[in-house]
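Asks: So that we are looking at the same thing, I have put the structure below in structure tokens.
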Amino acid sequence: AADASLAAGSRAEVSADDSKSLAIVLYGKRVDVTKFARVHPGGSKVFRIFKDRDATEQFEAYHSKRAIKMMEGMLKKSEDAPADTPLPSQSPMGKEFKAMI
498 AADASLAAGS RAEVSADDSK SLAIVLYGKR VDVTKFARVH PGGSKVFRIF KDRDATEQFE
558 AYHSKRAIKM MEGMLKKSED APADTPLPSQ SPMGKEFKAM I
């Protein structure tokens with residue numbers, strides 16, 4: 498039980514900033530996308546869906562090498578994400594989905 502509360506507390510720290518801030522986790526880094534969300538070609542909804550969650554798998558699936566290169570600049574300015582930030586594919590739903598395909 499204590500481990501669960503520690504994990505929950507770590508994730509809570511990610512979103513403890515201003516409620517209007519928007520951050521996602523990419524490549525183990527907490528990336529602030531608050532300003533970029535306004536000009537993101539795919540819209541800002543995806544950032545809200547993945548707020549404070551690891552979006553690395555989805556980012557790689559939908560972005561070109563050029564876009565990944567652009568993201569590298571943002572990653573350099575980003576802090577490390579909490580180690581317990583789960584990958585969507587490792588969630589119960591993600592595992593069930595993999596079992597179906």
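So the sequence shown is numbered by this note's numbering: it starts at 498 and just counts up by one.
Idealized CB from N, CA, C, for every residue including glycine.
1) Buried or exposed: D549, going by 16 or more other Cβ atoms within 10 Å of its Cβ?
2) Within the 9 Å Cβ cut-off, does A578 reach chain D?
3) So does G570 have its beta carbon nearer than 8 Å to some heavy atom of the ligand FMN?
4) If L523 sits next to A552, beta carbons under 8 Å apart, how far is it from one beta carbon to the other, in whole angstroms?
5) Grab the span of the alpha helix (DSSP H) containing R545 for me, first residue to last.
Replies: This is what the structure gives:
1) Translated into the one-based positions of the sequence shown, residue 549 becomes position 52. Per the 10 Å Cβ criterion, buried.
2) The chain inventory of the structure shown lacks chain D, comprising one protein chain alone.
3) Of ligands this structure carries none, so the ligand FMN is not represented either.
4) On the sequence shown, position 26 is the one that residue 523 refers to. On the sequence shown, position 55 is the one that residue 552 refers to. Contact flag correct, Cβ pair sits at about 6 Å.
5) Within the sequence shown, residue 545 is the residue found at index 48, counting from 1. It spans K542 to I546 - the alpha helix (DSSP H) in which R545 sits, taken as one unbroken run.
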